[in-house]
Structures are given as C-alpha cells and as structure tokens.
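The structure appears right after this line, and notes come after that.
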Amino acid sequence: MAARWREMEGNLLIAEQLQYNRVELQQTVDKGVPSLNTEQRVVFDAVINDAMSCDKHRPGHAYFVHSAGGCGKTYLCKLIASKLRAEGKIVLCVASSGIASLLLPGGRTAHS
Ligand SMILES: Nc1ncnc2c1ncn2[C@@H]1O[C@H](COP(=O)(O)OP(=O)(O)OP(=O)(O)O)[C@@H](O)[C@H]1O
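Each residue of the sequence shown is one higher than the one before, counting from -17 in this note's numbering.
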C-alpha cells in the first residue's frame, strides 16, 4: 500500500508527511533514545530495524505493545515515529478516538 501511495501525485497525506523537520526530529531522537528503559529500547530497536529493512518484497510486521497505564507506550511510539520520520519515512499515527489521536504527533483517527 505504501509503495503505491508514493507513486500517486498530489496525495495530501504524503505531502504532510514530507514536511517534518528531519534535523529537529533527529535531535529529539538523540535526546530521547538514551532515556528509554530496557523494555522500551527492545521494542524501539525491533520496530526500527524491521521498518528500515522492509520494502515491497519484504513487508514489515505488526507489533503489539502492552503495559499498564503510564508505563511509556505513548512515549515510545512518539520516539519511533520521530526516528522513522527523521529517516524520511512516512509514518501514519492513528488511534481509535480523536482524543487519543491528539497524544500522537500528526495523529488522526484510524477511520478519518
Ligand atoms: N523513558 C522515559 N523517559 C522519560 N519519561 C518517560 C519515559 N517513558 C515514559 N515517560 C513519561 O511517563 C509518562 C507516562 O508515559 P506514557 O504516556 O507514554 O504512558 P502510556 O503507557 O502511553 O500510558 P497510557 O497507557 O495510560 O496511555 C509520560 O509523562 C512520559 O513522558
């Protein structure tokens, strides 16, 4: 799906995604990654390695991250999005409700 979107001209989502300041995002990553705890770091590395090595011949995987409230899932997701956007990747952050989507950078509801 992502590969086909890239071929489309005038796609608003792609245009939005390519407007991030990659230098600022990399600074956020450089500051944030050392602060991750062990569990967060394991997920961060797994998702980033997977996303960076996937292409049209090798699709990425879905990851389910579970913890009690307030343990850093959102923090981790934001850092993952920052890292991939800093690398020029397109990241669509979605949540099931509008309120939840406000917690994610560039977030929107999955159905919007
Ligand atoms: N590695 C970290 N370093 C510094 N602060 C962190 C770290 N992980 C999480 N936090 C902070 O802890 C607080 C709770 O984290 P976060 O909101 O990501 O948890 P959550 O698991 O998404 O919570 P919920 O399940 O309730 O949505 C936030 O203020 C976040 O900035």
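Just so it is clear, CB atoms sit at the ideal spot from N, CA and C, and this is done for glycine as well. Predicted, not measured: the structure shown is a model, and the values here were computed from it.
Less than 7 Å between the CB of THR56 and some heavy atom of ligand 1, yes or no?
yes
DSSP state of VAL76, grouped into three classes?
strand
Please check the pair GLY51 and GLN22, which I expect to be a contact at CB under 8 Å, by giving their CB distance rounded to whole angstroms.
Not really, about 15 Å apart at Cβ, beyond 8 Å.
Closest to ILE(-4) by C-alpha separation, out of GLY70, ASP32, LEU84 and ALA77, would be which residue?
Scanning GLY70, ASP32, LEU84 and ALA77 for the CA closest to the CA of ILE(-4) turns up GLY70.
Between the C-alpha atoms of LEU85 and ALA77, what's the straight-line distance to the nearest angstrom?
9 Å
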